[in-house]
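Here is the structure we will look at, set down as structure tokens.
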Amino acid sequence: MTLQHFLAMGGYAAYVWPAYAVFLCVLLADFLAPILRRRRLLRELQARLTRQAARQRQPQPSSDPP
Amino acid sequence: MSKWIPLWLHKLGSPPIFYRFAGVLRPWLLTLALLLGAVALYGGLVLAPADYQQGDAYRIIFIHVPCASMSLVVYGVMAFASFLALIWRIKLAEVVAMQSAPIGAAFTFITLVTGSLWGKPMWGTWWTWDARLTSELVLLFLYLGVIGLYHAFEDRRQGARAAAFLALIGIVNVPIVHFSVNWWNTLHQGATLRLLGPSKIAPAMLWPLLTMMAATQLYFLASLCGRVRSDLLDLESGKDWVRKLASGSRGP
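Structure (structure tokens):
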């Protein structure tokens, strides 16, 4: 079987390949979404922890001087 | 919590333990799913012969049927987790139920699109209001409804409980989708696979189909692990274990 014959899918290439493309693309998006979300959450959390640590090192000066 | 639930199961319900457990499990599930998926694609697209009636167009079956079956299986998992969440208020069950919904919606969407792409050359139409197609579309709307309701609440746990309730009611649609080809005289063909008795398909076409079904099941579990992990991080971001994790993973 040649590659061309395989790609032609017996004349149904216009239906078979888009179906497989949708399958792969949708699942790829489903796979990437939680990874990106987890990365973003961890980054935000680290930024928050760093801010908190900085605040603890430098106590706030009293608001009104004596 | 009832006494009859084994201790290990009880422990697994704790977010930090499940987070670690899912993190260990996920790469294995994913590897196995990809391997089986690749084998099934090769078997379905290259090794299996063309159908004597449908030619090569029937090859859409190797993704259409596994995704259709997953659209129902994932709904079952979501409804079961919703049940646990509503009765025992287990936080992890809420998370599992709500994180199943987008995966189920993805599988249902793929089922509808691939079915449409298969219907055009075989039936001469992209869409028809046939019982199977209509009930599958209702299934997609149920998934979207669960996702929407969950996000409509300010309080996430309250939203999860409301959406779990909807998920539980919507389970009536699952047998309707499954049996629609038997109950009504539809354009959609009858079941290809049978649990009891021989399947109506040649062995060279059957094994890629079953392999792809196993691959999509494993993929669902892997995806669920990933989604539940990210959601637990978000939900428990004020807790000590998440802080430790965030400060420990500092770096690139």
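Line by line, the protein sequences give chains V and Y. Just so you know, we're using my numbering here: the first sequence kicks off at 2 and counts up by one. Just so you know, we're using my numbering here: the second sequence kicks off at 399 and counts up by one. We put the beta carbon where it would ideally sit given N, CA and C, even for glycine.
Which bits of chain Y does residue i rub up against, with CB to CB less than 9 Å?
| i | result |
| --- | --- |
| R58 (chain V) | Correct list: empty, because the minimum Cβ distance to chain Y is about 15 Å. |
Which residues in chain V have a C-beta closer than 9 Å to the C-beta of residue i? List them in chain order.
| i | result |
| --- | --- |
| S635 (chain Y) | L42, E45, L46, R49 |
| G453 (chain Y) | M10, G11, G12, Y13 |
| A504 (chain Y) | V27, L28, A30, D31 |
Could you tell me the distance, in whole angstroms, from the CA atom of residue i to the CA atom of residue j?
| i | j | result |
| --- | --- | --- |
| I415 (chain Y) | V23 (chain V) | 35 Å |
| P19 (chain V) | H6 (chain V) | 17 Å |
| L42 (chain V) | L631 (chain Y) | 7 Å |
| G411 (chain Y) | L607 (chain Y) | 34 Å |
| A529 (chain Y) | F577 (chain Y) | 10 Å |
| A479 (chain Y) | V27 (chain V) | 24 Å |
| G557 (chain Y) | A503 (chain Y) | 18 Å |
| I567 (chain Y) | A620 (chain Y) | 27 Å |
| A15 (chain V) | A612 (chain Y) | 27 Å |
| Q59 (chain V) | L633 (chain Y) | 30 Å |
| Y456 (chain Y) | L490 (chain Y) | 40 Å |
| G11 (chain V) | Q615 (chain Y) | 30 Å |
| W516 (chain Y) | H549 (chain Y) | 34 Å |
| V437 (chain Y) | I458 (chain Y) | 16 Å |
| Q47 (chain V) | A431 (chain Y) | 33 Å |
| K518 (chain Y) | R559 (chain Y) | 40 Å |
| K598 (chain Y) | R49 (chain V) | 59 Å |
| P596 (chain Y) | L643 (chain Y) | 51 Å |
| L531 (chain Y) | W525 (chain Y) | 8 Å |
| S645 (chain Y) | R56 (chain V) | 16 Å |
| W581 (chain Y) | L547 (chain Y) | 31 Å |
| G513 (chain Y) | A589 (chain Y) | 14 Å |
Mind checking residue i: buried by the 16 CB within 10 Å criterion, or exposed?
| i | result |
| --- | --- |
| R1 (chain V) | No answer is possible for residue 1 (chain V): the residues shown for chain V start at 2 and end at 67. |
| R592 (chain Y) | exposed |
| P650 (chain Y) | For P650 (chain Y), the predicted model reports a pLDDT of 39, less than 50, meaning its position is unreliable and no value from the coordinates is stated. |
| Q497 (chain Y) | buried |
| E492 (chain Y) | buried |
| Y440 (chain Y) | exposed |
| P425 (chain Y) | exposed |
| G442 (chain Y) | buried |
| D553 (chain Y) | exposed |
| V475 (chain Y) | buried |
| W406 (chain Y) | exposed |
| T609 (chain Y) | buried |
| V17 (chain V) | buried |
| D638 (chain Y) | exposed |
| P404 (chain Y) | exposed |
| L445 (chain Y) | exposed |
| A9 (chain V) | exposed |
| L4 (chain V) | exposed |
| A420 (chain Y) | buried |
| G435 (chain Y) | buried |
| L433 (chain Y) | exposed |
From the options, pick the residue whose C-alpha is nearest to that of residue i; which is it?
| i | options | result |
| --- | --- | --- |
| E534 (chain Y) | Y:M468, Y:L405, Y:V475 | Y:M468 |
| A561 (chain Y) | Y:W406, Y:Y473, Y:R530 | Y:Y473 |
| A495 (chain Y) | Y:A565, Y:L515, Y:T614 | Y:A565 |
| C623 (chain Y) | Y:L428, Y:V463, Y:W521 | Y:L428 |
| T523 (chain Y) | Y:G646, Y:F505, Y:L585, Y:L405 | Y:L585 |
| F563 (chain Y) | Y:W639, Y:E634, Y:I485, Y:P413 | Y:I485 |
| V422 (chain Y) | Y:R627, Y:G588, Y:K637, Y:S645 | Y:R627 |
| I545 (chain Y) | Y:F618, Y:T609, Y:I501, Y:K637 | Y:I501 |
| Q587 (chain Y) | Y:D638, Y:L445, Y:M520 | Y:M520 |
| L29 (chain V) | Y:Y617, Y:D638, Y:G636 | Y:Y617 |
| L37 (chain V) | Y:D629, Y:T609, Y:V572, Y:K642 | Y:D629 |
| R641 (chain Y) | V:V17, V:A54, V:L33 | V:A54 |
| V575 (chain Y) | Y:T609, Y:R555, Y:L538 | Y:L538 |
| P573 (chain Y) | Y:K518, Y:W527, Y:L643, Y:L470 | Y:L470 |
| A34 (chain V) | Y:R559, Y:S645, Y:G513, Y:R625 | Y:R625 |
| G543 (chain Y) | Y:R555, Y:N583, Y:R487, Y:A499 | Y:A499 |
Counting only Cβ pairs nearer than 8 Å, list the residues of chain Y close to residue i.
| i | result |
| --- | --- |
| A20 (chain V) | I458, I461, H462, V511, T512, L515, W516 |
List the residues of chain V that residue i touches, going by C-beta distances under 7 Å, in chain order.
| i | result |
| --- | --- |
| F507 (chain Y) | V27 |
| R641 (chain Y) | L50 |
| S621 (chain Y) | D31, F32 |
Starting from residue i, find everything on chain Y with Cβ-Cβ shorter than 7 Å and list it in chain order.
| i | result |
| --- | --- |
| R38 (chain V) | S628 |
Using a C-beta to C-beta distance shorter than 8 Å, which residues of chain V count as neighbours of residue i?
| i | result |
| --- | --- |
| A448 (chain Y) | G11 |
| I501 (chain Y) | D31 |
| S645 (chain Y) | Q47, L50 |
| P519 (chain Y) | Y13, Y16 |
| Y548 (chain Y) | Within 8 Å Cβ-Cβ: nothing; Y548 (chain Y) doesn't reach chain V, min ~15 Å. |
| L631 (chain Y) | R39, L42, L43, L46 |
| R554 (chain Y) | Ordered by position in chain V, no residue passes the 8 Å Cβ test against R554 (chain Y), which lies about 14 Å from the chain. |
| G624 (chain Y) | F32, P35, I36, R39 |
The segment 439–449 of chain Y contacting the segment 596–603 of chain Y, beta-carbon criterion three pairs below 8 Å: yes
So does the segment 454–471 of chain Y actually touch the segment 502–522 of chain Y, counting three or more Cβ pairs closer than 8 Å? yes
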